[in-house]
Ligand SMILES: Nc1ncnc2c1ncn2[C@@H]1O[C@H](COP(=O)(O)OP(=O)(O)O)[C@@H](O)[C@H]1O
Ligand SMILES: [Mg+2]
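Chains as they are written, first to last, in the numbering used here: chain A, 20 to 789; chain B, 825 to 905; chain C, 825 to 905; chain D, 5 to 227.
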């Protein structure tokens, strides 16, 4: 016998103790729930409130800060802003694009393959939910030291998981990031981005309207996934069951992804959208049904009833509370008019997708859930989904910040001779952060769907969205955490600027911003200060660049023990190409072209790759933020690319000119003869400074580029001419490309090359391999 | 002399979903084998060991290397056992 | 009533090379388990069947669907057998 | 010329294959795995992807789809069939082509631009090439290592049934660098690399793949 805690029972047993602390609720939060309901919550209600009021779902610590994004001036391109599953922008010709980046950090540490895989799955469903066809993914990855044994455990699994899921869904991976730092040792960051395309009229919103409309749950069956942490509820409700000899299965905290089912879900949804069979739709992600039902109801007219017994289960021992909290993957929830239910179910059948009517939209403003005919939930949905607690957490500037900033890299010993400079050049380029990322990217399909115009290693991913007009989009994802550690306000802006620049060098016009804010514990005032500064910096930066923030994700409590990660705001910028055929690559293809540096170089080494690689140093100030210069550079690049005046363009970021020259040369194996003396007073600054708002371009018409650049107010420095099989820089020993390539490509295979490392981290159940 | 063969079966924990088994089950249904009610798919390792197999060592190998203990269970079959 | 469980082990034919098994063997060597001389990795299916399992039908399922006879062999284990 | 492209649950490169057919000058016709009969088409392409997630073995479940009965029957009487990647795996599982595709030797999924040598320029799908021609098309697979018993491999070589071979590096450990094989009559071809991803300068490493799709147009006319 299972005792079900009904509303009636809750009324009759007001003093029954409830395990709310174990569920993560604070005393005052529990009191508030009792106030809202006018009685104690039932076990199922407690489960719902506890997950929906968690930091992850309620944004209770970050909300007060994120409001600044909503206050940005409204952009003309913005069709749907923050608050929906993902923002939507107009990219012209009747097309709309939706994109968003989300974290799956902790699950990826516990079970790298599945954690990363289900991270991709989750963000793809968010995009699908908007009515769009997902067309590409990106991933931003951060791990502990590259040579740490635990990185050898986590990284291969994460990469295989991102690839395994995305490849099996048929979504090209068009870019991302990979970087290493001690601070991520116990807390890797796995941020995944998905972008989708639709016609304006296909836009779908997550709300439940129209009394009598049906609530349909479709996709995978519901199991005990992701509720391992709250087994307290299982043991409670199953006290009697255990006596009766029924033992509930152990609840896993790990979710296992099924990309095949998700692929079917995508195709079924798109067919359902095209046939106009839904009035509202929501994916099931964190907090599962609790979230989907309360959000749909709350965003709509407010009333919904669900018969929980109808939910198809994979595990019959689940309690009602667990069913409500389950985070089983590959599920969606739709609101369907009664007359369209049969057609809806028929589409699902055609795609072998299980679909079940579990309830209906009701008049009134209550969300009610029954279990075996008894009422176990009766709540105002807004209080669950949208009116959770909001905290104004104390902020305090980190005590060590002044010392950190005072520790200026100017004091570090610098290379002086040509041989030393070349040695440092090779070291930076072949460091784990600077090295060739093919070890990772070749595990990702970048060709599927046949619209990938640029992908890694180019600065931005570029995807064609119309084969006739050649309209397309560009995307870049950047998050330098060293800069953010030194100055989170400037760091967020520098990351924004870098992503913006990356999109601009492809020739695209930057249009909108998404972000994933990875920080430590919000209960730590120093972390909260970093968070507040980063949000303020990003909001101010977006205002200055004239870009809307269309959405994003916050991931807090990223720390090992009580040491927080470096603040890591990962910023995604979306741009539009009116004609993707005009895009330029980042590498040099032909000999005899003139190499030009656009932008100003100052002596800026704080947070630089050089300081980090050569000295293990982090200190000083990050490079100055120069948003007007970034704007001028982007406008110039759009013009140069649009007029066909440049044959390649590559932005400068980590590792400065040293890194950019190496990458441009290695891309197609074309060297150059260069003189850097006009870049800066000394070769060291020329090579390793990380000043922003700079790019290297090649051209066959330097005169016209100069004129255009002068007009745009961007400084042009001629560096030399492409050609040959080496980088020949005046006053430095010649650097043969073969030697450079050997160093650059050897690093990751040497660290992760042996295939054995994946054994054991790829589980039996789930390895799509072809 | 015959080399002792040790078999290790690695199966997903019962509470973990098994898309592979599901796919096989679906195929069996379509092919008319309706009497099969469930399928779970795991891994099957055959190890050849020098000398007498050491149960503790093999158990450790099975649990730490052959299986991912977060989601999988192991069954160790020693020769003659 | 207990549902009969049928186990099917699928192993690569001896002449087909097994990179997964090789990888495990390499890892074992590095971890100091030198006594393991070879490792082969296969698949392990657990089927639950309604009623009395029909050996011929299961043999056919195993040989034609669960394994690819070009590269794999199967071992069928019926309950109580 | 109507070229069918089959969509199985989990097919991914079906849109790409249809685009390649169109760019080659054919008319792509989408076919659905669950249909009983093959429509009136002049040739069939089985595209890449992860049919049924490839959870059991790549291509194993798709090979038993209803439509495959009719594909097998018509292929046996000369209908040109091209299997790309997962499609190749399906053709092997369906017994239309010899051998099997197994887990890559290095155990990773690998996507790269791959050089190939066209060994046979007289199949229904390779007539637009010249024998010995070097082409570059993407490979992307995790189970692309072609294996067969040594005697079978010898026989394939003797009969000249290796259609394309990896050169300048073998991406997955395929025996004898085999990237694709053909049926005895040269009408059925399967290969792991993806010619449909090399049909436009804008999106591929080359346009070397287009020849597969133009070849069949001529082959059908000639037949
Ligand atoms: N850092 C952020 N910047 C802007 N918007 C954010 C950020 N974090 C979250 N959001 C927005 O808040 C809303 C809720 O986020 P989330 O709960 O992660 O959505 P979902 O559950 O659909 O993934 C979304 O609209 C999301 O875009
Ligand atoms: Mg969502």
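Glycine included, every Cβ here is placed at the ideal spot set by N, Cα and C.
Only a predicted model underlies this, so the values are computations on that prediction, with no experimental measurement involved.
In chain order, what residues of the same chain have a beta carbon less than 6 Å from the beta carbon of residue i, not counting five sequence neighbours either side?
i             : result
residue 114/D : 175
residue 134/D : 125
residue 359/A : 296
residue 556/A : 508, 511 and 512
residue 146/A : 105, 117, 153, 213 and 215
residue 93/D  : 62, 63 and 105
residue 55/A  : 402
Verify whether the separation of the beta carbon atoms of residue i and residue j is less than 8 Å.
i             : j             : result
residue 536/A : residue 570/A : no
residue 96/A  : residue 530/A : yes
residue 474/A : residue 163/A : no
residue 140/D : residue 47/D  : no
residue 478/A : residue 525/A : yes
residue 873/B : residue 859/C : yes
residue 676/A : residue 652/A : no
residue 395/A : residue 61/A  : yes
residue 316/A : residue 207/A : no
residue 184/D : residue 194/D : yes
residue 563/A : residue 646/A : yes
At 7 Å on the CB atoms, spell out the chain A contacts of residue i, in chain order.
i            : result
residue 84/D : Neighbours of residue 84/D on chain A: none; closest Cβ ~22 Å, over 7 Å.
residue 73/D : The contacting residues do not exist; residue 73/D stays about 19 Å from chain A at best.
Evaluate residue i with the Cβ neighbour count: other Cβ atoms within 10 Å of its Cβ, from every protein chain shown; 16 or more gives buried, anything less gives exposed.
i             : result
residue 200/A : buried
residue 251/A : Residue placement at residue 251/A is poorly supported in this model, since its pLDDT is 48, which falls under 50; the coordinates still yield a value, given next. With fewer than 16 Cβ atoms within 10 Å of its Cβ, residue 251/A is classed as exposed.
residue 240/A : buried
residue 90/A  : exposed
residue 112/D : buried
residue 480/A : buried
residue 107/A : buried
residue 41/D  : exposed
residue 298/A : buried
Leaving out the 5 sequence neighbours to the left and right, which residues in its chain are closer than 7 Å to residue i when beta-carbon positions are compared?
i             : result
residue 883/C : 900
residue 314/A : 225, 301 and 404
residue 231/A : 357, 379 and 380
residue 76/A  : 70, 305, 306 and 310
residue 471/A : 191, 193, 465 and 482
residue 528/A : 594, 595 and 657
residue 896/B : 834, 835, 836 and 837
residue 397/A : 26, 385 and 387
residue 43/A  : 69 and 73
residue 446/A : 632 and 633
What residues of chain D sit near residue i, judged by a beta carbon separation below 9 Å?
i             : result
residue 843/B : 57 and 59
residue 889/C : 60, 64, 65 and 68
Excluding the 5 residues preceding and the 5 following residue i in the sequence, name in chain order all residues of the same chain whose CB lies nearer than 8 Å to its CB.
i             : result
residue 107/D : 146, 147 and 149
residue 103/A : 149, 224, 225 and 570
residue 190/D : 124, 126, 127 and 128
Using a C-beta to C-beta distance shorter than 7 Å, which residues of chain D count as neighbours of residue i?
i             : result
residue 839/C : 153
residue 895/C : 104, 106 and 151
residue 187/A : 54 and 57
Assuming residue i and residue j are in contact, meaning their beta carbons sit under 8 Å apart, how far apart are those beta carbons, in whole angstroms?
i             : j             : result
residue 350/A : residue 238/A : 4 Å
residue 187/D : residue 100/D : 7 Å
What residues of chain A sit near residue i, judged by a beta carbon separation below 8 Å?
i             : result
residue 847/B : 279
List the residues of chain C that residue i touches, going by C-beta distances under 8 Å, in chain order.
i            : result
residue 97/D : 892
Residue i touches chain D at which residues, Cβ-Cβ below 8 Å?
i             : result
residue 370/A : 13
Taking C-beta pairs closer than 8 Å, name the residues in chain B that residue i reaches, listed in chain order.
i             : result
residue 854/C : Ordered by position in chain B, no residue passes the 8 Å Cβ test against residue 854/C, which lies about 11 Å from the chain.
Who are the neighbours of residue i on chain B, taking C-beta pairs under 9 Å?
i             : result
residue 130/A : 892, 894 and 895
Quick one: which chain B residues come within Cβ less than 7 Å of residue i?
i             : result
residue 902/C : Under the 7 Å cutoff, chain B gives no residues; its nearest Cβ is about 13 Å from residue 902/C.
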